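Heads up, the thing below is written out as structure tokens.
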Amino acid sequence: MQQQQEQPAPPSPGAAPACFGIVAPGCPVRTDFSLADPSGMKFALALSLPVQPVLISDLVFFFLPGAVEQLPPMHGALLYWQATTTTSGSPMPLTETTGFELLGAISPDRPSGIFRTGWGTNDLLSAHAASPNTNVSIVITLGVSIEPLANVQNLQIVGKGAEDRLNVAKKIAKDLFNYLQSFDDTSRSGFMTVPTNVFERWMTRFENKFQVDPNFFMKGDD
Numbered sequence: 163m164q165q166q167q168e169q170p171a172p173p174s175p176g177a178a179p180a181c182f183g184i185v186a187p188g189c190p191v192r193t194d195f196s197l198a199d200p201s202g203m204k205f206a207l208a209l210s211l212p213v214q215p216v217l218i219s220d221l222v223f224f225f226l227p228g229a230v231e232q233l234p235p236m237h238g239a240l241l242y243w244q245a246t247t248t249t250s251g252s253p254m255p256l257t258e259t260t261g262f263e264l265l266g267a268i269s270p271d272r273p274s275g276i277f278r279t280g281w282g283t284n285d286l287l288s289a290h291a292a293s294p295n296t297n298v299s300i301v302i303t304l305g306v307s308i309e310p311l312a313n314v315q316n317l318q319i320v321g322k323g324a325e326d327r328l329n330v331a332k333k334i335a336k337d338l339f340n341y342l343q344s345f346d347d348t349s350r351s352g353f354m355t356v357p358t359n360v361f362e363r364w365m366t367r368f369e370n371k372f373q374v375d376p377n378f379f380m381k382g383d384d
């Protein structure tokens with residue numbers, strides 16, 4: 163008697179083909195995105211991080227091998243994030259959310275990217291980091307939307323990772339300049355007089371402030 167071949171089990175409701183990966187520093191790679199709507203073009207992933215989100219400055223977002231071939235032609239992926247905080251206790255839990263914000267994008271010709279989260283300067287996340295409370299849980303929801311490349315390019319988000327790093331460099335340079343300028347007591351235009359150990363003093367100050375708030379230099383006025 164011919165043995166009946168076992169049929170593969172159907173996918174579970176909400177399951178999605180593994181197309182994307184996300185990495186937060188110090189955390190495992192996550193690829194378990196789930197379908198967020200019946201169109202098959204939107205996906206979601208909930209992150210419960212082992213540290214305060216304000217300490218996560220970057221995320222790596224990428225297509226898994228073979229994923230690009232599963233996309234509709236001339237399409238890419240937009241990455242969004244949303245933070246939800248829930249404070250337990252009486253009389254009832256309090257939930258606050260940030261709403262979804264655009265984080266980055268990948269495309270067939272740029273299948274991975276490192277993107278700055280901006281969580282360190284987010285008001286809701288910064289407030290909870292400043293006053294830690296064991297009764298507060300924080301969940302970061304990542305959303306992915308498959309969009310035509312024209313939409314992705316119009317948002318000018320694909321190169322955002324490199325632009326953000328340039329902005330960080332500018333902010334640090336500005337912090338140094340402002341510190342140097344605080345020592346200048348001359349009135350000679352175009353010249354600045356500072357102590358010989360000014361860079362060592364600035365670095366000590368910078369490191370001390372960084373220990374308190376890793377994103378302090380990003381919060382100044384442009």
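Count the sequence shown with my numbering and you get residues 163 to 384, in order. For each residue, glycine too, the CB sits at the ideal point set by N, CA and C. Please read all numbers here as calculations on a predicted model, not as lab measurements.
What does DSSP give as the partner residue(s) for Arg-272 in the beta ladder? Ser-269
Round the Cβ separation of Ile-218 and Leu-304 to the nearest angstrom and send it over; I've been treating them as touching at under 8 angstroms. Not confirmed; about 12 angstroms, so no contact.
Considering only C-alpha positions, which residue in the set Leu-342, Phe-353, Ala-239 is nearest to Glu-362? Leu-342
Under 8 angstroms, do Ala-239 and Ile-308 count as touching if we go by C-beta distance? Yes. Within cutoff.
Within a Cβ cutoff of 8 angstroms, which residues of the same chain sit near Glu-263, ignoring the five residues on either side of it in sequence? Taken in chain order, the residues that qualify are Tyr-242, Trp-243, Gln-244, Gly-280.
Output the distance between the C-alpha atoms of Leu-287 and Ala-331, rounded to the nearest integer angstrom. 23 angstroms
Rounding to the nearest angstrom, what Cα-Cα distance links Phe-368 and Phe-195 in this structure? Phe-368 and Phe-195 have their C-alpha atoms some 38 angstroms from each other.
What residues in its chain sit with their C-beta under 6 angstroms from that of Gln-164, if we drop five residues either side in the sequence? No answer about Gln-164 holds up, because its pLDDT of 44 lies below 50 and its placement is not dependable.
Note down, in chain order, each residue of its chain lying with its Cβ closer than 6 angstroms to the Cβ of Ala-186, except the 5 sequence neighbours on either side. Ile-218, Leu-221
Cα separation between Phe-353 and Thr-366? 24 angstroms
Taking DSSP as the reference, what is the three-state secondary structure of Thr-283? helix
Helix, strand or coil for Asp-346 per DSSP? coil
Under 8 angstroms, do Gly-275 and Phe-223 count as touching if we go by C-beta distance? Contact flag set, yes.
Using beta-carbon positions only, say whether Phe-225 and Cys-189 come within less than 8 angstroms of one another. no
Do you know how far the Cα of Thr-257 is from the Cα of Thr-283? 20 angstroms
Out of curiosity, what's the CA-to-CA distance linking Asp-285 and Pro-215? 12 angstroms
Apart from the five residues just before and just after Trp-364, which ones in its own chain have a Cβ nearer than 7 angstroms to its Cβ? Leu-338, Tyr-341
Is the CB-CB distance between Pro-255 and Thr-247 below 8 angstroms? No. Outside cutoff.
With DSSP collapsed to three states, give me the class of Gln-164. With a pLDDT of only 44 at Gln-164, under 50, the local geometry of the prediction cannot be trusted, and the value read off the model is given with reservation. In the structure shown, Gln-164 sits in coil (DSSP, three-state: anything other than H, G, I, E or B).
Quick check on the burial criterion: 16 or more other C-beta atoms within 10 angstroms. Buried or exposed for Ser-201? exposed
Can you tell me whether Leu-317 is buried or exposed, with buried defined as 16 or more other CB within 10 angstroms of its CB? exposed
Considering only DSSP beta bridges, list what Tyr-242 is partnered with. Leu-264, Gly-305
Secondary structure, alpha helix (DSSP H): runs of 4+ residues fully inside the segment 180-266: Segments of the alpha helix (DSSP H) lying fully in the segment 180-266: there are none.
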